[in-house]
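> Residue numbers for the sequence shown, in full-length UniProt numbering: 1 to 216.
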Amino acid sequence: MPDTGVFDGIYVTTNGGPNATFNLKSDGKITVENLTPGTEYDFCVLTKSRNMLSSSYHVTGVKTCLAAPLNIQEGNVTDTSIQISWDRAEGDFQQYEVTCTNCASPFRVQKVKQETATFSNLIPGKLYSFTVRTEKEGFRDSVLIAKEIGTVPSAVKYLNYSKDSDSITVTWPPAQNKFDGYVLSIKSKIFNEESILSSGVRYEDYILIFSYLKNS
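1. For the pair the region 48 to 55 and the region 66 to 81, tell me if three or more CB-CB distances fall below 8 Å.
2. Just verifying my parser: in three-state terms, what is the DSSP assignment at Ser154?
3. Taking the straight line between their C-alpha atoms, what separation do you get for Ser142 and Pro124?
4. What are the partner residues of Asn15, as DSSP defines its beta bridges?
5. Can you confirm whether the region 86 to 101 touches the region 130 to 141 when touching is taken to mean that 3 or more C-beta pairs between the two stretches lie within less than 8 Å?
6. Excluding the 5 residues flanking Glu115 on each side, which residues of the same chain have their C-beta closer than 8 Å to its C-beta?
7. Would DSSP call Ser56 helix, strand or coil?
8. From Ala20 to Val12, what distance separates their C-alpha atoms?
9. Drop a sphere of 10 angstroms on the beta-carbon of Ile36, count the other beta-carbons inside from all chains shown, and report buried for 16 or more, exposed for fewer.
10. Please state whether DSSP places Ser142 in a helix, a strand or coil.
11. Secondary structure at Phe107, three-state DSSP: helix, strand or coil?
12. Excluding sequence positions up to five away, which residues of its chain have a Cβ less than 7 Å from the Cβ of Ile72?
13. Just verifying my parser: in three-state terms, what is the DSSP assignment at Ser171?
14. At which residues does the beta strand (DSSP E) containing residue 232 begin and terminate?
15. When the distance is taken between beta carbons, is Thr31 closer than 7 Å to Asp42?
16. Using a Cβ-Cβ distance under 7 Å, would Val12 count as near chain C?
Structure, rendered in structure tokens:
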């Protein structure tokens, strides 16, 4: 708050700009906008009366917060790996910290400089939770941005079948890990049909193509 006297406003300069004159509010606070995230600023504060300026008061080492990454999305996903990507965070920062909150411990955290990360050695058919934030030494980390992505269920390993004059019986071993069910595709010269099946059941029909749900 300036000492007593007549003045028109508060003039604030920063290293690298912007410079601006502000009207002093009743609470004695002003807000300098359009700064760059993750940047350290030195401010010079003066009072202004017509075309004259007071002696300056310096405020140094003021740091803006880091901006968070944006638009986290699913990349290439297999039964044992997940790639995630995001848009570059605004401003200045050193790296991203990407965390899989429910992965096995050795694979939980990655420090990357590009806008993508891939986690491997995952369980097929499991839903994983990821967070991404920006980091810079000497600055507080950005807020966490979260995303959930599931791995693809593992594929059927092999089939056994038997046949007679009017049917084919197909069996397969129980699927490993997590999945919702099976997709059974039945094709012949005269029809093409696809059905969703439950696990642990015998099915009899003309069976040529067969896979799990979720595009395994």
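Where a beta carbon is used, it is the ideal one built from N, C-alpha and C, also for glycine.
Quick answer:
1. For the pair of segments examined, the region 48 to 55 was found not to touch the region 66 to 81: the number of CB pairs separated by less than 8 Å stays below three.
2. In the sequence shown, counting from the first residue as 1, residue 154 sits at position 154. The answer is coil: DSSP assigns Ser154 none of H, G, I, E or B.
3. Against the sequence shown, residue 142 aligns to sequence position 142. Against the sequence shown, residue 124 aligns to sequence position 124. If you take the alpha carbons of Ser142 and Pro124, they lie about 31 Å apart.
4. Taking the first residue of the sequence shown as 1, we reach residue 15 at position 15. Partner(s): none; Asn15 has no beta bridge.
5. yes
6. Against the sequence shown, residue 115 aligns to sequence position 115. Pro69, Ser85, Trp86, Asp87, Arg88, Tyr96.
7. The count along the sequence shown starts at 1 and reaches residue 56 at position 56. The answer is coil: DSSP assigns Ser56 none of H, G, I, E or B.
8. In the sequence shown, residue 20 corresponds to position 20, counting from 1. In the sequence shown, residue 12 corresponds to position 12, counting from 1. Each residue's alpha carbon lies about 6 Å from the other.
9. Looking up residue 36 in the sequence shown gives position 36. According to the sequence provided, residue 36 is Thr. The question's Ile does not apply to it. Per the 10 Å Cβ criterion, exposed.
10. Translated into the one-based positions of the sequence shown, residue 142 becomes position 142. DSSP places Ser142 in coil when its eight states are reduced to three.
11. Here residue 107 refers to the residue found at position 107 when the sequence shown is read from its first residue. Correct three-state label for Phe107: helix.
12. The residue you call residue 72 lines up with position 72 of the sequence shown. Same-chain partners within the cutoff: Ile84, Trp86, Val132, Ile145, Lys147.
13. By 1-based counting over the sequence shown, the position of residue 171 is 171. Note that residue 171 is Thr in the sequence shown, not Ser. Residue state, collapsed to three classes: strand.
14. Lying outside 1 to 216, the shown extent of the chain, residue 232 is not represented and no answer is given.
15. Start at 1 with the first residue of the sequence shown, and residue 42 comes out as number 42. Start at 1 with the first residue of the sequence shown, and residue 31 comes out as number 31. Contact: no.
16. Chain labels in this structure do not include chain C; a single protein chain is all it has.
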